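Be aware that the sequence shown starts at 0, since it is given in numbering that gives the first Met the number 0, and climbs by one per residue.
Ideal Cβ placement from N, Cα and C applies to all residues, glycine included.
These numbers come from a predicted model, not from an experiment.
Structure first, then comments.
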Amino acid sequence: MTEAIQQLILDTLDKDGSIKDTRTLVLPGHSEAAATHDAQIIILGALNSLSSREMITYETHETMSHVLTEEGASIALSGSHEARVWAAVPTKGQGSPLTPKELEQALGSEIAKVGQGRAFKNKWIVKEGGGLVKLAASIDDTTQKDMREVDSTGTLKAGEKALADLRKRKLIAQKKGQWFNVYKGPHFSTSTAKPETDLTVDMLTSGAWKTSTFKKYNFEAEGIPTNGGVLHPLLKVREEIRNIFLEMGFAEMPTSSFVESAFWCFDSLFVPQQHPAREVQDTFYLSDPSKSLTPPADYYAKVAKVHEHGGYGSNGYRAPWSDEESHRLLLRTHTTASSSAMLWKLAARCRGEEEDVDVHALSAHSGTTRKAKGSGGGDGFRPAKLFSIDRVFRNETMDATHLAEFHQVEGVVADRDLTLADLIGFMRVFFTKMGIENIRFKPAYNPYTEPSLEIFAFHPQLNKWVEVGNSGMFRPEMLEPMGFPKDVHVHGWGIGLERPTMIRYGISNIRTLVGHKVSVESVEKSPAVRF
């Protein structure tokens, strides 16, 4: 249709030299001239397309007309309210007068109310015997005639005063219109073939570009605004948690080893080699390479001995030790594997060895309430507060609160004579800083902590308590083989990053936070987190 109108305009210009008034055009498929507003809108689209190619130029002229409102259209069809009232009442002396109530029942309350007033004003009806009867033998319904005249011409011969009265009665409304003068442009042609917008390889190889017409490039046009990068809600919460740790005097541990050996991930933490978590349903094992390098020999021997035969006040597991199991490579199931390796390095001074990690740098901002006591003892021990936030992997069945790959927030506090009350107090302060005050602790079992506590937070959207972390005090079977003195206790805890983020952002399904179901729009609009 648009191309047909464009061709009509070009052919008319070619024939007549100009178009004085586009309202005289007869559009394809129509029998009458395009005098309506809608027709001129269609013509304007064709004019703009031709003007962008400089084939034509045009001038715009605005007009003001009137259209009928819904009430006005009803009057044009069925008569004015006053005429309908006059028609409904009986002629004087030829029947019982019609009461106002009967008139409302016959015509409706609105028509009866408005029509009575105007009919009385025009002296068409009169009251008689408690009812209404005709006073005039015949009437001239000028309002209906005016409505029909406006509907056909958009105005009234009676002039502006009559139009203003009808507008006041809300029977008509003003409507802006437009029409156009059209002239030939600098690139006038009767052909509507569109110019090329791109120079293609085919044009270059065939030489078609030499005879092709190209669309003029608009250097003034503004490009599409580019969207800036945004942080995922997980990254926002991660940075806030990191700032909380740093504010509380923690130092960040390196945790770049996604692949760990079973020794550091399980054995060094006093997890038995027969523990169900080591099975393939919970752990992703590597097939190539499948074996790790041998850990430090002395430490490895102590860990193997405490597992198989006991020691440090423990009976151990009394189960055969497997070097093959200990050397298996896997995707780490928790960042506690990195914490274990870091604790072993921190215990180097206690073992009388040269430090292979800058303990002073890691503990420079980690002073505890027992700083004076921790710095004594003559055994080289220094208190430390360490944390990490990184990815871990478990062979989980994915649902609304579980993923196979997620983030763990790991924390470790090492000092002399720490208690479980210190751990509970710290966790309450930590979660309060996160804005999660409704938390609970539940006694639990962990192979490497005793006592152990599970941490639960209330999720308003799920309307239930959700486990957000695990914590406890590392066992002597884990710490003493590293070389720590007996009075050195270590708090350890791990909390998920995803579940606190879900609570903070009101997300009920973890798969809409991480994975292919994540809405890019929701990431772009997610507010900043301020715990």
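It is roughly 27 Å from the alpha-carbon of P224 to the alpha-carbon of L512. When the Cα atoms are used, G468 and F218 turn out to be separated by approximately 58 Å. Cβ neighbours of Q177 within its own chain (closer than 7 Å, five residues either side excluded): Q39, T59, H60, E61 and T62. Rounded to the nearest whole angstrom, the C-alpha separation of F440 and E323 is 37 Å. Non-local beta-carbon contacts of R427 in its own chain, meaning distances under 8 Å to residues more than five positions away in sequence, involve I438 in chain order. In this structure I4 is in contact with I41, their Cβ atoms being roughly 7 Å apart against a cut-off of 8 Å. It is roughly 19 Å from the alpha-carbon of P499 to the alpha-carbon of M247.
Looking from the CA of A383, the closest CA among L245, V408 and W320 belongs to L245. Looking from the CA of D486, the closest CA among T334, E53, F380 and W123 belongs to F380.
Nearest Cα to E251 within the set I388, Q115, F265 and I509: I388. The beta carbon of P484 is closer than 7 Å to those of C349, G376, D378 and F380 in its chain, skipping five residues each way along the sequence. At the C-beta level, H326 and S291 come within 8 Å of one another. Shown here for Q273: same chain residues with a beta carbon closer than 7 Å to its own, the five before and five after excluded, namely A318 in chain order. Taking C-beta separations shorter than 8 Å and ignoring five residues to either side along the sequence, the partners of T282 in its chain run A276, L329, L330, T332, R393 and N394, following chain order.
Taken through DSSP and simplified to helix, strand or coil, H333 comes out as coil. In this structure R237 touches L496 by the C-beta definition: roughly 6 Å separates them, less than 8 Å. Beta-bridge annotation (DSSP): L131 is paired with L97 and K126. If you ignore the 5 residues before and after L102, its C-beta comes within less than 8 Å of the C-beta of V84, A87, V88, A111, Q115 and L131, all in its own chain and listed in chain order. For the 8 Å CB-CB criterion, V489 and L385 do not form a contact. With 16 or more other Cβ atoms from the protein chains shown falling within 10 Å of its own Cβ, F430 counts as buried. Per the C-alpha coordinates, the member of D266, D150 and V258 positioned closest to S289 is V258.
Closest option to S338, judged by alpha-carbon separation, among K167, Y447 and T418: Y447.
Counted as a single uninterrupted DSSP element, the beta strand (DSSP E) harbouring E466 occupies residues K463 to F473. The beta carbons of A82 and D140 sit closer together than 8 Å.
Between Y311 and P450, the CB-CB gap reaches or exceeds 8 Å. A contact between stretches requires three or more CB pairs, one per stretch, nearer than 8 Å, and the stretch 164 to 175 meets this requirement with the stretch 64 to 75. Around the beta-carbon of D266, 16 or more other beta-carbon atoms lie within 10 Å, marking it buried. DSSP, reduced to helix, strand and coil, places K441 within a strand of the structure shown. N445 sits buried, since 16 or more C-beta atoms from the chains shown fall within 10 Å of its C-beta.
Within the same chain, and ignoring the five residues on either side of T142 in sequence, the residues whose Cβ sits closer than 7 Å to its Cβ are I74 and S79. In summary, D37 is exposed, with fewer than 16 beta-carbon neighbours lying within 10 Å of its beta-carbon over all protein chains present. Taking a 10 Å sphere around the C-beta of V229, we find fewer than 16 other C-beta atoms and assign the residue as exposed.
Within 10 angstroms of the beta-carbon of Y182 lie fewer than 16 other beta-carbons, which makes it exposed.
Assignment of beta strand (DSSP E) within the stretch 109 to 195, counting only whole runs of 3 or more residues, yields 124 to 127, 130 to 133 and 171 to 183 in chain order. Here DSSP, grouped into helix, strand and coil, assigns Q460 to coil.
A residue is called buried when at least 16 other Cβ atoms come within 10 angstroms of its Cβ; P459 does not meet this threshold and is exposed.
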